[in-house]
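Residue numbers (my numbering), protein chains in the order written: chain Z, 8 to 229; chain H, 8 to 229; chain X, 27 to 257; chain A, 27 to 257.
Cβ coordinates follow ideal geometry from the N, Cα and C atoms, glycine included.
Here the structure is a predicted model, which means the values were calculated and not measured.
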Amino acid sequence: MSKGLSSKRPGSQRLGKEQLAQLVAGDIAQGSFVNLGIGQPTLVSNYLTAEQHVTLHTENGMLGMGPVAVGDQIDEDLINAGKIPVTELPGASYFHHADSFAMMRGGHLDVCVLGAFQVSATGDLANWNTGAPDAIPAVGGAMDLATGAKDVYVMMSLFTKEGAAKLVQTCSYPLTGVGCVTRIYTNEAVFLIGPDGVRVRETFGTTFAELQERIGVELLDD
Amino acid sequence: MSKGLSSKRPGSQRLGKEQLAQLVAGDIAQGSFVNLGIGQPTLVSNYLTAEQHVTLHTENGMLGMGPVAVGDQIDEDLINAGKIPVTELPGASYFHHADSFAMMRGGHLDVCVLGAFQVSATGDLANWNTGAPDAIPAVGGAMDLATGAKDVYVMMSLFTKEGAAKLVQTCSYPLTGVGCVTRIYTNEAVFLIGPDGVRVRETFGTTFAELQERIGVELLDD
Amino acid sequence: MLNFVQSAAEAVAGISDGATVLIGGFGNAGQPMELITALLDGGATGLTVVNNNAGQGDAGLALLIKERRVDKVICSFPRQSDSWHFDAAYRAGEIELELVPQGNLAERIRAAGAGIGGFFTPTGYGTMLAEDRETRMIDGRGHVYETPIYGDVALIKALTADKAGNLVYRKTARNFGPIMAAAAINTIVQVGSVVPTGDLDPENVVTPGIYVNTVVRLDAPARTERERSRQ
Amino acid sequence: MLNFVQSAAEAVAGISDGATVLIGGFGNAGQPMELITALLDGGATGLTVVNNNAGQGDAGLALLIKERRVDKVICSFPRQSDSWHFDAAYRAGEIELELVPQGNLAERIRAAGAGIGGFFTPTGYGTMLAEDRETRMIDGRGHVYETPIYGDVALIKALTADKAGNLVYRKTARNFGPIMAAAAINTIVQVGSVVPTGDLDPENVVTPGIYVNTVVRLDAPARTERERSRQ
């Protein structure tokens, strides 16, 4: 599925955020309905091609969302889930919040791409709350996206700044959803999460052996 | 509330169906949203005045239903719950079946008028099934109407052809809804069902004493 | 994946024996008669059909039942003056009936499309249709537990589709179409016209294209003539 | 009963201390800022507010919270870069927060309007937001039990009303308006224009007039200016 980036290139570089977004975009099947989470996942939209015919959903009530609005396009009544002004593409539709989340929760979105603090070996996702005792919690639509989409792709750096792996046996941060993540796109590798475990699809600037050494989760070689 | 028909007229006649429909129509408050059941209740629409500003709901997806369609007005896509072609009034709106029943079930209709086989002293309604062993049951929207409207008015003859009262202590026919009926309009009297029991609001061609003798339910005089 | 086909036969070609088929329409309004007829011609059997009724006269669903292609009907109002094919099958014990209050039918279909695992409703509480069902008192009122009705296939009728599969309906023909489209894995729609993407006002789309799999444009049928001639 | 009033102050005059107030809007889109400001000016206190957020900047809901008129917020996303008034009230223990996943928030509001006593959803299952909640395995999947959110009042914003109270919205400003209108006993709407009954196409009405109690037409506000000048 991935286009333009061959797998298993231990000599090549770790991916930057834009390269990662391009990789994710290339993996999205033609004709898919997709929700891109706030932050890094939004970059994916820059690499979707017209030939892919991907329709973007925003949970505040729209299918057929176009690029970010600029200049005269800016319309206070047309925003995305991050409250950024966006545009409307031909074939768009508007609906109320319950209908919009019904679309998501009913399993109609093919892919949702989210950021994460941690993902577990069984696909548990932690991306809404660091668990810090003084933090004011806020969840938004994260739990609905995590449990509703047919496939949940996570985009994240594989390690924290302190060097701790974010792919873990069991999440230590509060969960967003249980067993929901199917793929993890990181700067160092792409992981597929399936019933048999976590499979390494490809690596960037590292090797399977190096990854296995640094991550406390048993990995399967592709 | 009732217009043009003074109460307690033991000397006057039992009401005909049209008179009864007129009585019900006069009792519906201005600005009400109303659903009229199939059959006798439909007659009520003939006596609603423009000044009442009553909006009719049909559970197959419309508010603002107008009179039955005739001639060139007949449109296969515009029918009522009885599958009779109807018309559309200014201010009408269309919605799908779940939204239409949500309107009813969410308690937004002020009044629904239904026919009945029996009504109990506590407002239980039996109007969908005679319980005959060989009958093929069919319920339609009767249970939703009975449980959803703020007020459920029943229109029926007070006695069967065999002379049995249809206002009973406990329904012998299968129930449509429990404790849902608030008023019963019959050819011989109007009954109000409240927490204290069944009150006779007015009688037609009979007296309170006569009614009490013929009905096995304790009646309260108004 | 959305596709546009040329005939009702092509549209229903993928329907398997044993499928649960949601069929739109209330009376003739919104009834996808040509798709039902194509399903009849296609031969699929052992079907579970979800519809407000259980067939009328000698056309469409009534013929599917007459030919014993329907094992089970889930509906609110099977008994009608002209439901003779259902009546015969039912009395012969050759069709199963799940009778559902119409609002529960609509809400259960809606729940399937919306990812709701089950819900409590006052409708039907204390009646024979709720016998042996889970109940719960909520704020002093009796409620019955109801479960989603999923479809393998939905056959519905809309007025117009655009090339993105967005649909608009006409008057009370909207009825079950939008909720069935969302509740089925494979939604097949017959429409009177197909317009370019962008021609439908995004504010007025009733069923977004995400819920639609197959669209077939059929000339507005002279339905009554057609039904009569079929016999 | 539907009525049309001349000012936002008149529109919110009936809101009592202790009321549960559903407030529409997502970001600025669909936010009934003038009604919220009138509620602030009107003095009602001890409120429970249901909104996607918990106030931003120094306007509207944020000021209601700053002035400690809100005892409890039910929302999905209180924490924002400019939610300082909520943050302060929360850290001082002077406001209660019920944090709800956004889809559960929407579905619970929808349930209130639709007469659903409660429902099971997979969203939140296995998370701290479902701790101490009833759960159920349905078809092998964990579900959480959720209950309706009813409003005494809804404050919403729409594009246009007709004289029968029918509403249409504009783009993503539709968001919570339609479901809040149905979930509240008293629905108050600010609109940009009022048209004669019959001017809205019945096919395109989003909120039927049955859900609307009070309509006030307000000139399209120069909102950013207004908010700034309020401080």
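Buried or exposed: where does residue i fall if 16 or more other Cβ atoms within 10 Å of its Cβ makes it buried?
| i | result |
| --- | --- |
| D245 of chain A | exposed |
| R105 of chain X | buried |
| P202 of chain Z | exposed |
| T193 of chain H | buried |
| P140 of chain Z | exposed |
| T62 of chain H | buried |
| A118 of chain A | exposed |
| V77 of chain H | exposed |
| S3 of chain Z | One cannot answer for residue 3 of chain Z here, as it falls past the ends of chain Z, which runs 8 to 229. |
| T198 of chain X | buried |
| A34 of chain A | buried |
| D165 of chain X | exposed |
| S107 of chain Z | buried |
| N53 of chain H | exposed |
| Q37 of chain Z | exposed |
| K173 of chain Z | buried |
| E253 of chain X | Low per-residue confidence applies at E253 of chain X: pLDDT is 46, beneath 50, and the placement is therefore not dependable, though the value from the model is reported in the following sentence. Result: buried. |
| I49 of chain X | buried |
Just how far apart, CA to CA, sit residue i and residue j?
| i | j | result |
| --- | --- | --- |
| I35 of chain Z | G235 of chain A | 43 Å |
| T147 of chain X | A137 of chain A | 10 Å |
| F30 of chain A | V242 of chain A | 6 Å |
| A187 of chain X | G141 of chain X | 25 Å |
| A64 of chain X | L181 of chain X | 11 Å |
| R196 of chain X | P74 of chain H | 19 Å |
| H64 of chain H | L132 of chain Z | 46 Å |
| L55 of chain H | V146 of chain Z | 51 Å |
| S100 of chain H | G224 of chain A | 10 Å |
| M111 of chain Z | D79 of chain H | 44 Å |
| A71 of chain Z | G168 of chain X | It should be noted that the sequence gives Gly, not Ala, for residue 71 of chain Z. Near 42 Å, if we compare the C-alpha coordinates of G168 of chain X and G71 of chain Z. |
| E172 of chain X | V126 of chain H | 26 Å |
| T149 of chain A | A45 of chain X | 29 Å |
| G56 of chain X | A156 of chain H | 27 Å |
| V220 of chain X | K183 of chain X | 13 Å |
| D158 of chain H | L85 of chain Z | 41 Å |
| I214 of chain A | L131 of chain A | 20 Å |
Any Cβ of chain Z within less than 8 Å of the Cβ of residue i?
| i | result |
| --- | --- |
| M206 of chain X | no |
| D97 of chain X | no |
| A85 of chain A | no |
| L125 of chain A | yes |
Is residue i close to chain X? Criterion is C-beta to C-beta, closer than 8 Å.
| i | result |
| --- | --- |
| P140 of chain H | no |
| L70 of chain Z | yes |
| Y101 of chain H | yes |
| L182 of chain H | yes |
| D151 of chain H | yes |
When the cut-off is 8 Å and only beta carbons count, does residue i lie next to chain A?
| i | result |
| --- | --- |
| P144 of chain Z | yes |
| R249 of chain H | Residue coverage of chain H in this structure runs from 8 to 229, which leaves residue 249 of chain H outside it and unanswerable. |
| N18 of chain X | Nothing can be reported for residue 18 of chain X: it is not among the residues displayed for chain X, which extend from 27 to 257. |
| V185 of chain Z | yes |
Measuring from the CB of residue i, is there a heavy atom of the ligand COA at a distance below 7 Å?
| i | result |
| --- | --- |
| I175 of chain X | Looking for the ligand COA in the displayed structure turns up nothing, as the structure carries no ligands at all. |
Compare the C-beta of residue i with all C-beta atoms of chain H and state if any pair is closer than 8 Å.
| i | result |
| --- | --- |
| R94 of chain X | no |
| R48 of chain A | One detail in the question is off: residue 48 of chain A reads as Leu in this sequence, not Arg. So no, L48 of chain A is outside the interface. |
| T240 of chain A | no |
| V179 of chain A | no |
| R149 of chain X | Note that residue 149 of chain X corresponds to Thr in the displayed sequence, not to Arg. Yes, its Cβ sits closer than 8 Å to a Cβ of chain H. |
If we require 3 or more residues per run, which beta strand (DSSP E) segments fall completely within the region 134 to 179 of chain H? Runs of the beta strand (DSSP E) inside the region 134 to 179 of chain H: 158 to 163.
Tell me the start and end of each unbroken alpha helix (DSSP H) in the region 69 to 118 of chain X that is at least 4 residues and wholly inside, in chain order. Runs of alpha helix (DSSP H) with 4 or more residues, each lying fully within the region 69 to 118 of chain X, are found at 87 to 92 and 110 to 117, listed in chain order.
Taking beta-carbon pairs under 8 Å, can you tell me which members of the region 132 to 144 of chain A lie near chain Z? Listed by position, the residues of the region 132 to 144 of chain A near chain Z (Cβ gap below 8 Å) are A132, E133, I135 and R136.
Chain Z contacts made by the region 100 to 123 of chain A, where a contact means CB separation under 9 Å: Of all residues in the region 100 to 123 of chain A, only C101, S102, F103, P104, R105, Q106, S109, F112, D113, Y116, R117 and L123 place a beta-carbon less than 9 Å from a beta-carbon of chain Z.
Under 9 Å (Cβ pairs) to chain D, residues found in the region 67 to 99 of chain Z: The structure shown contains no chain D; its protein chains are Z, H, X and A.
Where the region 105 to 129 of chain Z meets chain X: residues whose CB sits under 7 Å from a CB there: For the region 105 to 129 of chain Z, the beta-carbon criterion of a distance under 7 Å to any beta-carbon of chain X is satisfied by A109, M110, R112, G113, G114 and H115.
Extract the residue ranges of the beta strand (DSSP E) inside the region 76 to 132 of chain H, only unbroken runs of 3 or more that lie entirely within it. Complete beta strand (DSSP E) runs here, min 3: 93 to 101, 118 to 121 and 125 to 127.
Looking at chain X, which residues of the region 25 to 38 of chain Z have a Cβ within less than 7 Å of any of its Cβ atoms? So the list reads G38, given in the order they occur along the chain.
List in chain order: all unbroken beta strand (DSSP E) runs of 3+ residues lying wholly within the region 22 to 82 of chain H. Along the length of the region 22 to 82 of chain H, whole beta strand (DSSP E) runs at least 3 residues long occupy 40 to 43, 62 to 65 and 69 to 75, reported in chain order.
Can you check the region 170 to 247 of chain X for any beta strand (DSSP E) of at least 3 residues that lies completely inside it and give the ranges in chain order? Counting only runs of 3 or more, we get 177 to 188, 210 to 221 and 240 to 243.
Any residues in the region 58 to 92 of chain A with a beta carbon nearer than 8 Å to a beta carbon of chain H? Which ones, in chain order? Within the region 58 to 92 of chain A, no residue qualifies.
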